[in-house]
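J.:
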Amino acid sequence: MTPQCRSQQIATLEDAGIAVVSSLPEATLLAAALIRPLSPATQQHTPSLLENVAVINIGLRSFALELQSASKPVVHYQWSPVAGGNKKLARLLERLQ
């Protein structure tokens, strides 16, 4: 097993874009700088999932109301399955028509 060369390791890390510091106080200052929030001028706007969205809602009125309360354009179409989804009753109703 050969000893590791510290300066060679540091050079390899720095070549990979990794910051290497020599002391704990230096590391603390670097960590503080890295976790500090960006100033408003440098923050990038991340678009909201609901930005520029328009919705056609079928069935669930409460979903349409939630979108409306968030000032999102929504068209609601009231729909429910024939006979409330009961297949046997739906077949009977179909025969009556």
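Just so we're aligned, residue 1 is where the sequence shown starts under my numbering, counting upward by one. We treat Cβ as the ideally placed atom computed from N, Cα and C, and that holds for glycine.
1) Can you name, in chain order, every residue of its own chain whose Cβ lies under 7 Å from the Cβ of L93, other than the five neighbours on each side?
2) With a floor of 3 residues, list each beta strand (DSSP E) that falls wholly inside the stretch 60 to 91, ordered by position along the chain.
3) N57: buried (16+ other C-beta within 10 angstroms of its C-beta) or exposed?
4) Here's a check: name, in chain order, each residue in its chain whose Cβ is nearer than 8 Å to the Cβ of Q78, leaving out the five neighbours to either side.
5) Name, in chain order, the residues that DSSP records as bridge partners for I56.
6) CA-CA distance, A32 and L67?
7) Less than 7 Å separating the beta-carbons of I10 and V20?
8) Report the rounded CA-to-CA distance for R95 versus S48, giving the unit in angstroms.
T.: So, to answer that:
1) Position 93 of the sequence shown, counted from the first residue, corresponds to residue 93. Cβ within range, chain order: V82 and A83.
2) List check, beta strand (DSSP E) in window: 74 to 77.
3) Reading the sequence shown from its first residue, position 57 is the one you call residue 57. N57 should be labelled buried.
4) Taking the sequence shown and counting its residues from 1, one reaches residue 78 at position 78. Cβ neighbours of Q78 beyond the five flanking positions: G59 and R61.
5) Within the sequence shown, the letter at position 56 stands for residue 56. DSSP output for I56 lists V75 as bridge partner(s).
6) Your numbering for residue 32 matches position 32 in the sequence shown. Your numbering for residue 67 matches position 67 in the sequence shown. Computed Cα separation, rounded: 40 Å.
7) If you number the sequence shown from 1, residue 10 lands on position 10. If you number the sequence shown from 1, residue 20 lands on position 20. Yes. Within cutoff.
8) Numbered from 1 along the sequence shown, position 95 holds the residue referred to as residue 95. Numbered from 1 along the sequence shown, position 48 holds the residue referred to as residue 48. Whole-angstrom Cα-Cα distance: 49 Å.
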